[in-house]
Amino acid sequence: MRKLKTLICTALLLALTVCALGTAHAEEEKRSIVCTSFPCYDIARAVAGDRAEIQLLIKPGAEVHSFEPTPSDILSLAECDLFAYVGGESDAWVTDILSSFGSSAPQTLRFFDCVEGVEAEHDHGAEDEHHDEHEYDEHIWTSPVNACAMVNSMADALCEIDPESEALYRENASTYISEIEELDVQIREVVTNAARRELIFADRFPLLYFAREYGLDWCAAFPSCSSESEPSAKTIAALIDRVVSDGIPVIYVLELSNGRTAQAISAETGAQVRTFYSMQNVTESDFTAGETYVSLMQRNIAALQEGLN
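Sequential numbering of the sequence shown, starting at 244, is according to this note's numbering.
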């Protein structure tokens with residue numbers, strides 16, 4: 244907490260210095276949007292188009308759960324027209340920073356407010372963990388249905404800060420929602436025609452909303468936001484037994500995973516290893532290549548079809 248307060252004070256001091264030196268630029272035509280994570284960034288990009296400069300705070304390839312904003316990040320947040328974040332455990336740092344701005348805080352969009360949250364589930368994992376407090380799973384965007392609601396919320400927020408461009412924002416939002424709705428149709432078709440409805444993740448499982456939306460069962464090495472990186476021998480044995488007993492052809496890992504647990508299970512069972520994209524963050528190469536929520540979810544559909552047939 245002391246470190247965070249220091250960062251906030253440093254950033255605010257920088258902002259005052261910029262103003263005192265008279266280096267602040269006149270308001271530009273484009274709006275500025277700061278986003279914490281890739282899902283927020285992708286939705287902002289799709290809806291705003293070329294009407295905004297969009298900054299992604301958590302860089303591609305970085306660990307989301309241990310992110311700490313720099314003074315430069317806080318300064319960018321203080322000066323932006325719109326700050327978009329999901330809300331939840333990974334964004335716990337946001338509250339203190341926004342509070343420090345007082346009445347000068349930027350307009351914010353908390354995506355968690357536009358969907359119905361569900362409590363995190365821990366009993367599907369193989370590790371024994373005790374969870375006394377109720378907590379909501381923060382990975383809301385993994386359900387395409389939720390992603391559509393997030394797109395609409397972004398359009399509403401942009402129309403509020405830039406009403407002159409409302410027609411553009413609404414059109415862009417409608418186009419992106421149509422693409423996401425097509426994903427939803429394809430996923431439902433895969434699940435309807437599947438031989439099984441069980442997903443095995445040799446990794447964390449940040450896909451509760453996805454699984455619930457499409458009626459899929461799951462088993463994973465860790466809960467969604469676990470800080471663990473290596474499961475116990477007991478967990479690996481349990482996953483191997485599950486793969487063998489249920490005849491599972493594919494086990495999944497997340498992007499940015501080291502894949503060691505999956506390879507160990509694959510060696511014992513013959514199951515193939517495939518990547519399933521949670522999109523909480525993306526690799527540097529995928530980001531540079533311009534991959535989007537839609538393009539990465541299309542990869543998931545292919546991996547899902549292989550695993551459920």
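Using N, Cα and C, we set each Cβ at its ideal position, and we do this for glycine too. Just so you know, these numbers come straight off a predicted model, no measurement behind them.
Checklist entry - Counting only beta-carbon atoms, is N436 nearer than 7 angstroms to chain C? => result No chain C is part of this structure, which consists of one protein chain only.
Checklist entry - For D293, is the classification buried or exposed, using 16 other Cβ atoms within 10 angstroms of its Cβ as the cut-off for buried? => result The sequence position of residue 293 within the sequence shown is 50, counting from 1. Per the 10 Å Cβ criterion, exposed.
Checklist entry - Using the rule of at least 16 other Cβ atoms within 10 Å of the residue's Cβ for burial, across every protein chain shown, is N552 buried or exposed? => result For the purposes of this step, residue 552 is taken as residue 309 along the sequence shown, with counting starting at 1. The residue is exposed, with fewer than 16 neighbouring Cβ atoms inside 10 Å.
Checklist entry - Thinking just about the alpha-carbon of each residue, which of E414, E511, A505 and P387 is nearest to the one in E425? => result For the purposes of this step, residue 425 is taken as the residue at position 182 of the sequence shown. Checked all of E414, E511, A505 and P387; the closest Cα to E425 is P387.
Next on the checklist: Contact defined as beta carbons within less than 8 angstroms: I believe A514 pairs with V493. What is the distance between those atoms, to the nearest angstrom?
Outcome noted: Working through the sequence shown from its first residue, we reach residue 514 at position 271. Working through the sequence shown from its first residue, we reach residue 493 at position 250. Confirmed, Cβ separation roughly 6 angstroms.
Checklist entry - Apart from the five residues just before and just after M522, which ones in its own chain have a Cβ nearer than 7 angstroms to its Cβ? => result Walking along the sequence shown from the start, residue 522 turns up at place 279. Excluding positions up to five away in sequence, the list reads F281, P282, W384, Y536 and L539.
Next on the checklist: Taking a contact to mean a Cβ-Cβ separation below 7 angstroms, would you say D460 touches R431 in this structure?
Outcome noted: Walking along the sequence shown from the start, residue 460 turns up at place 217. Walking along the sequence shown from the start, residue 431 turns up at place 188. The answer is no: Cβ separation not under 7 angstroms.
Item to check | Pairwise C-alpha distance: E409 and G502 | outcome: Numbered from 1 along the sequence shown, position 259 holds the residue referred to as residue 502. Numbered from 1 along the sequence shown, position 166 holds the residue referred to as residue 409. Rounded to the nearest angstrom, the two C-alpha atoms are 45 angstroms apart.
Checklist entry - By the 10 Å Cβ neighbour count, where 16 or more other Cβ atoms means buried, how is P406 classified, buried or exposed? => result Your numbering for residue 406 matches position 163 in the sequence shown. Per the 10 Å Cβ criterion, exposed.
Item to check | Extent of the continuous beta strand (DSSP E) to which W211 belongs | outcome: It is not possible to answer for residue 211, since the shown part of the chain is limited to 244 through 552.
Checklist entry - Taking the alpha-carbon positions, what's the Q506 to V516 distance? => result As a working mapping, residue 506 is identified with position 263 in the sequence shown. As a working mapping, residue 516 is identified with position 273 in the sequence shown. Using only the alpha carbons, I get a separation of about 7 angstroms.
Item to check | Rounded distance between the beta-carbons of R447 and P466, thought under 8 angstroms | outcome: If you number the sequence shown from 1, residue 466 lands on position 223. If you number the sequence shown from 1, residue 447 lands on position 204. Right, the Cβ-Cβ distance comes to about 7 angstroms (below 8 angstroms), so this counts as a contact.
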